[in-house]
Amino acid sequence: MARILDEALIYEILSVVEEIPEGKVATYGQIARLIGRERNARLVGRVMSMAEFYGSYPCHRVVNHAGRLVPGWDMQGVLLEDEGVVMKKEDYVDIKRCQWKI
DNA sequence: TACCTGACCTAAT
DNA sequence: GATTAGGCCAGGT
53 MARILDEALI YEILSVVEEI PEGKVATYGQ IARLIGRERN ARLVGRVMSM AEFYGSYPCH
113 RVVNHAGRLV PGWDMQGVLL EDEGVVMKKE DYVDIKRCQW KI
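Numbered per this note's numbering, the first sequence spans residues 53 to 154.
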């Protein structure tokens, strides 16, 4: 299989993710906008799922616009709570209170 | 090769 | 405020 995604894009996304402060969360769309791909939030999510192959990044601080966590990744909620992120429900963060303001 | 699906978003109704 | 429709890109089958 050839190269999966453009590496420059991946590193741009990951460098943004790296900037998310502890106790805050960012949305896919927010990141997509920061890298100049406003409508490509899906790519951000895809990169997140492959981020582990490129290094250690706080991808648990990335959620969707509704604040829902990644389905099937229970550790994410634990990690976020440990950092002080306010949880609304079991699988939802309080995005209004904890969203990363640029 | 073609179609469907997905860690999604925004704007319009 | 909730629901619908449209858009974008890559992977998997």
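Backbone N, C-alpha and C define an ideal beta-carbon position, used for all residues, glycine too.
Same chain only: Cβ atoms within 8 Å of residue i, ignoring 5 sequence neighbours per side
i: residue 123; result: 143
i: residue 66; result: 99, 103, 106, 107 and 109
i: residue 84; result: 90, 91, 92, 93, 95 and 96
Contact check, residue i vs residue j, beta carbons under 8 Å
i: residue 75; j: residue 133; result: no
i: residue 109; j: residue 70; result: yes
i: residue 80; j: residue 114; result: yes
i: residue 150; j: residue 137; result: yes
i: residue 72; j: residue 125; result: no
Where residue i falls: helix, strand or coil (DSSP)
i: residue 38; result: In the structure as shown, the chain begins at 53 and stops at 154. Residue 38 is therefore absent and cannot be evaluated.
i: residue 114; result: strand
i: residue 138; result: coil
i: residue 85; result: helix
i: residue 144; result: strand
Distance between residue j and residue i (C-alpha atoms, nearest Å)
i: residue 116; j: residue 93; result: 9 Å
i: residue 112; j: residue 146; result: 14 Å
Cβ-based neighbour list, residue i, same chain, cut-off 6 Å, excluding 5 preceding and 5 following
i: residue 61; result: none
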